[in-house]
Each structure stands twice: as structure tokens, then as C-alpha cells.
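Engineer:
Residue numbers (the numbering used here): 176 to 483.
1. Determine the DSSP secondary structure at residue 294, reduced to helix, strand or coil.
2. Looking only at DSSP bridge pairs, what is residue 188 linked to?
3. Near residue 177, which residues of its chain fall below 8 Å by C-beta distance, leaving aside the five closest residues on each side in sequence?
4. Measure the Cβ-Cβ separation of residue 206 and residue 280 and say whether it is below 9 Å.
5. Can you look up residue 334 in the DSSP assignment and give me helix, strand or coil?
6. Going by DSSP, what residue range makes up the beta strand (DSSP E) through residue 237?
7. Which same chain residues end up closer than 6 Å to residue 435 when comparing Cβ atoms and leaving out the 5 residues on each side of it in sequence?
8. Would you report the Cα separation of residue 195 and residue 187, rounded to the nearest angstrom?
9. So what does DSSP say about residue 326, is it helix, strand or coil?
10. Any heavy atom of the ligand NAD closer than 8 Å to the CB of residue 347?
11. Cα-Cα, which of 298, 470, 338 is closest to residue 313?
12. Under a three-way DSSP split, which group does residue 230 fall into?
13. Under the assumption that residue 185 contacts residue 262 (Cβ atoms under 8 Å), give the Cβ distance between them as a whole number of angstroms.
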């Protein structure tokens, strides 16, 4: 007899995170409901991660190192659950997260957002708490979510697998900021979005992680990738009949902020490029504050964002 599909598929990409991996995988095992499957994607780890994974009764995909995007994409291919959850292997879950998500699935949402806690080795954790909502269309939910701290992080959402596959969503291979290149579309295209006020995802801040790396060569690639994600998002939103103004303002503001990480001629060249692309024209000016912001941004993004 064929086993009924689980409620959740938790996809855990792993690359050389032996120090944190048991905490991550234990946090799944400690969930207060058991209606889930776990797909661990070992992305060519060269440390002891592979041996640690063997201790757990989870489905494992062993692949050559292809990066986070392909690890997630390959995990999705194997998923059978109604909802997909992405869990980075140096992060972990609070024990009631699946239970809390499961309690708000009665309206069959395409997306459920939950709250995030930043955790550290040397100081107290910081929780980012938001007001819950239920049954909003993606456009309306997007306007609310983008006022908060975390927006495009894939691990902040449970995504209906049927919706994900129908829209042919996937993460772009060999890029940084792959979440920015996809999740804004996942949010705005959703028909029904719920958000719970349970702080259930623990985002661990560690030195040497992808997002904390201070190598300037990588910084330049991150900005280039971010720019290419921007172009992709712009192209994809133009294919829809959705309200584009707020979406375009958000991704344009995000790109303008991102280029301030560049230095000297790199910054000037990218600034010229985005001016040529008329990125500034998409910034909303429907309030006095936004009008002033746009004037300052056009004059100097670094001045507005405190970079000089």
C-alpha cells in the first residue's frame, strides 16, 4: 500500500557544516508533530558532515558540490510533502514550528510565513516579531512583508509544493543572493498567504558563512548576481497582470542599496549602469518621505545609506 504523502518536506542542504549539523537535524527530530519527511542534500562536503548525516533516518542525496541553489532544487525534485520548508544546515527550528504552521493550513494557503530569531555564540538572540495575518492575496501580503526585516529569505516560508511546481520556480545556479532572485515572485504570485506570529526559525550568525564573507572579490560577484536577479525579476513580473508598481519599487530600492557595497570605480560603473536602466524611475513617490528619499538616492545612494 502506497504511503500517504507527508504534510511537510524539510529540505536541508549541507556543505561542510559538521560543527552545527547535529543541532540542525536534532531540531527536526524534536518537532512536536511527526507528519513530515526530511531530505538532506549533501553538496559534496569534505568534512565529517556525511558521517553525521548517516546517524539520522532521513532521506539523503549525495551530490558533487553544485552550490546551495542546486542542492535546494534537487531536494525539491525528491519532495513529496504538501508544503516545502528550506532549512539551512547551520540553522535550526524551534520544536513547535511545524505544529504552528499546520494549525493555519485550513484555507490551503500557497505560502505560510513564520518569524525569525537571530542567534549568536557570544550574545543574546534577537527575535523579529510581526503581526499575524491570514488569507491575503500575494500582492497585499507582499506590501506587508516588505516592511519587515526579513523578506526574500527562502527559509522564512512554508511553500505549497503544488504551487511551487505549477509556477516552475527554481533557484538560479551558481549565484549569490539566489533567494532575492526568486522569493519575491513566490510571494507576490501566491493566491493565498498566511503569516503566523510564532518565532520558529533560528538563523545562526557565524563568521565565514556565505553572507558574512568579507572578501571584496566575492562582494563584486554578489553585486553582479544581485543585478542579474533584478533583471530577471523585472522580466518575470512584466509577464503578469499583477500590480507592478510596489514590486518594482522594492526590487529597485534593494538593488540601489546593494551597489553601495562596491568601492571606487566599481561603484561608479554600476551606478551608471543602473541609471541607464532607469532603475531610479521605479521608486515610488506617493508620499513626501518617498519623494525626498528618491531625490537623495538619485543624488547619491551612498549618502542616503550612510556609505560616505
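For each residue, glycine too, the CB sits at the ideal point set by N, CA and C.
Structural biologist: Answer, in terms of the structure:
1. Here the question's residue 294 lines up with position 119 in the chain shown. Reduced to three states, the DSSP call for residue 294 is strand.
2. Your numbering for residue 188 matches position 13 in the chain shown. Paired residues: 216.
3. On the chain shown, position 2 is the one that residue 177 refers to. With a pLDDT of 45 at residue 177, under the threshold of 50, the predicted position of this residue should be treated as unreliable, though the coordinate-derived value follows. No residues qualify anywhere along the chain.
4. Residue numbering aside, residue 206 sits at position 31 when the chain shown is read from its first letter. Residue numbering aside, residue 280 sits at position 105 when the chain shown is read from its first letter. The answer is no: Cβ separation not under 9 Å.
5. Residue 334 sits at position 159 when you count from the first residue of the chain shown. In this structure, residue 334 counts as strand in the three-state DSSP scheme.
6. Against the chain shown, residue 237 aligns to sequence position 62. Its beta strand (DSSP E) spans residues 234 to 238.
7. Sequence index remark: in the chain shown, residue 435 carries index 260 (1-based). 476, 477, 480, 482, listed in sequence order.
8. Counting from 1 along the chain shown, the entry for residue 195 is found at position 20. Counting from 1 along the chain shown, the entry for residue 187 is found at position 12. Whole-angstrom Cα-Cα distance: 12 Å.
9. Here residue 326 is taken as the residue at index 151 of the chain shown, counted from 1. Residue state, collapsed to three classes: coil.
10. Of ligands this structure carries none, so the ligand NAD is not represented either.
11. On the chain shown, position 138 is the one that residue 313 refers to. Ranking the options by Cα distance to residue 313, first place goes to 338.
12. For the purposes of this step, residue 230 is taken as the residue at position 55 of the chain shown. It is coil, neither helix nor strand.
13. Taking the first residue of the chain shown as position 1, residue 185 is located at position 10. Taking the first residue of the chain shown as position 1, residue 262 is located at position 87. 6 Å between Cβ atoms; contact.
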